[in-house]
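Following the numbering used here, the numbering of the sequence shown begins with 210 at its first residue and continues without gaps.
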Amino acid sequence: MERVTQPSVLIDNIGELVTNDASHDGSPYGLVANAAVLVIDGVVAWVGASGKAPHADDVTRIDADGRAVMPGFVDSHGHLVFAGDRAHEFAARMAGQPYTAGGIASTVSATRAATDDELERNVLRLIGESNASGTTTVECKSGYGLSVHDEQRALRIAGLHADETTYLGAHVIPVEFKERPDDYVALVVGEMLEACAPYATWIDVFCDRGAFDGDQAREILRAGMAVGLKPRIHANQLQHGPGVQIAVEVGAASADHVTHVNEDDIAALAASTTVATLLPGAEFSTRAPYPDARRLLDAGVTVALAADCNPGSSYTTNMPFCIAVAVRDMKMTPSEAMWSATAGGAAALQRTDIGSLRVGTRANLTMLNAPTHIHLAYRPGVPLVGGVWRDGVRLR
Ligand code: NIG
Ligand code: FE
């Protein structure tokens, strides 16, 4: 096979390089002052002191002029295949209505009625937004089709552009199955799973009030695992429930939301390899209490941050926004939040090639128009992303 080569890139004169590689400074963030990064063929070839990079042929040199450079954000939780929006539902919530899983049904109707082309253009629009705010990896779930045809279609379209795809046929029970939920679960673990598994790496279930109970969640995750999908779960978002314990029991890569948890849940997560993925956009946009990130971190749980982009509970693709909220309202430090949005997301997707910058990792980098990563939270709402590279190719 012909080897495709890409131009080499040297980013020099970096004021603060975040590597998430503890070998540099003994901290998980691996900060290097006055640094440079050399990228060859889309991967990190060298990391070191500014002005000291080894020679490389045909290199494009970029002067960071003292700015911070960090790994691109890894957004490990998104629902990008949908049509329509729910702006009026959001406005009603801000006027006092509660959020319920019931709103999902309106997006299901709009999504089923949309053409493939409309759905693909929406995915591209959202991934474009993500890239513009520094994200270089996105996970994308199905879950607004809820029929064999529409779930498979969602995953096929997601797979064209997202880095990771997740089968979420078990988002809610669709209206046509309201009176016979057991039949829907049978479909999710039967014909729908068979149609969707070739297009997905992961299986997910929304285990919560108004969605699926613990027994259903277990059955669905186990069925996916039996055909080679890896488990992750929407757990404990709207109320306390069995989701987090099920995540640990099945060895899920991640339990997502983790808003309503008790000491047993936290101890189980801390003793497991399951990452707690916190989604502050959802609490922000549903005016719900935030998850207690501090309690999770202090107990030794690995925490990821993700945007949870979806038209109902969190219509944002912006990871710097999530970081700012996590720092301000979830008691994370700026460095912890940055780590959770990069290396944490990679851990939640069980990926070692992204989320950190070391020799051999993919050259997914974000340059900030700021001297340190702390500015991500310190300057909330300011578009600080000044450069984004994915596999060494400059996206902006
Ligand atoms: O992750 N929690 C379940 N699913 C989405 C919300 C979906 C919707 O409201 O459309 C979430 O927040
Ligand atoms: Fe979600």
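Here a beta-carbon is modelled for each residue, glycine too, at the ideal position from N, C-alpha and C.
Scanning the region 215-300 from its first residue to its last, no whole alpha helix (DSSP H) run of 4-plus residues comes out. Classified as buried, glutamine 446 has 16 or more neighbouring CB atoms from the shown chains inside 10 Å of its CB. In terms of Cβ geometry, cysteine 416 and glycine 460 do not form a close pair [threshold 7 Å]. Boundaries of the alpha helix (DSSP H) harbouring glutamate 492: 489-495, taken from the DSSP string. Taking a contact as a CB-CB distance under 8 Å, the pair serine 522 and alanine 491 counts as one, their CB atoms being some 5 Å apart. A heavy atom of the ligand FE is found nearer than 6 Å to the CB of aspartate 517. Residue burial is scored here from C-beta neighbours: glycine 437 has fewer than 16 other C-beta atoms within 10 angstroms and is therefore classed as exposed.
Less than 7 Å separates the beta-carbon of serine 259 from that of alanine 245. Under the three-state reduction of DSSP, aspartate 465 is assigned to strand.
Remark: three or more beta-carbon pairs, one from each stretch, lie closer than 8 Å, so the region 310-317 and the region 361-381 are flagged as touching. If you look at leucine 333, you'll find it in the alpha helix (DSSP H) that goes 325-341. Within a 10 Å sphere around the beta-carbon of arginine 302 sit 16 or more other beta-carbons, which makes this residue buried. Non-local C-beta neighbours of glutamine 559 in its own chain, meaning closer than 6 Å and more than five positions away in sequence, comprise Ala462, ordered along the chain. Judged by DSSP secondary structure, isoleucine 532 falls within the alpha helix (DSSP H) whose first and last residues are 528-538. Under the three-state reduction of DSSP output, glutamate 373 falls in the strand class. With 16 or more other CB atoms across the displayed protein chains lying within 10 angstroms of its CB, aspartate 359 is buried. In this structure, arginine 605 and asparagine 331 do not form a Cβ contact; the two beta carbons are roughly 20 Å apart against a cut-off of 8 Å. Here the C-alpha atom of proline 489 lies approximately 21 Å from the C-alpha atom of glycine 337. For serine 523, DSSP records a beta bridge to Asn519. Judged by DSSP in its simplified three-state form, threonine 316 adopts helix.
C-alpha of threonine 551 to C-alpha of glutamate 388: approximately 42 Å in a straight line.
With a threshold of 6 Å, the Cβ atom of isoleucine 313 counts as near the ligand NIG, since some heavy atom of the ligand is closer than that. Per DSSP, methionine 434 is one residue of the alpha helix (DSSP H) stretching across 423-435. Under DSSP, the beta-bridge partners assigned to valine 512 are Ala485. As DSSP reads the structure, alanine 379 sits in a beta bridge with Val414. Shortest Cα-Cα distance from leucine 505 to any of Phe282, Asp473, Phe530 and Arg496 involves Asp473. Within the same chain, Pro489, Glu492, Asp538 and Met539 come within 7 Å of tyrosine 499 by CB-CB distance, once the 5 residues on both sides are set aside. The beta-carbon separation of valine 602 and leucine 577, rounded to 19 Å, does not stay under the 8 Å limit for a contact. Taken through DSSP and simplified to helix, strand or coil, valine 398 comes out as helix. By the neighbour-count definition (other C-beta atoms within 10 Å, threshold 16), histidine 584 is a buried residue.
Rounded to the nearest whole angstrom, the CA to CA distance from glutamate 428 to threonine 320 is 26 Å. Cβ contact annotation for asparagine 243 (same chain, cutoff 8 Å, sequence separation greater than five): Asn222, Ile223, Gly224, Ala258 and Ser259, in chain order.
With a threshold of 6 Å, the Cβ atom of histidine 264 does not count as near the ligand NIG, since no heavy atom of the ligand is closer than that.
One Cα belongs to threonine 486, the other to arginine 567, and the distance between them is close to 24 Å.
When secondary structure is reduced to three states using DSSP, arginine 302 falls in the helix class.
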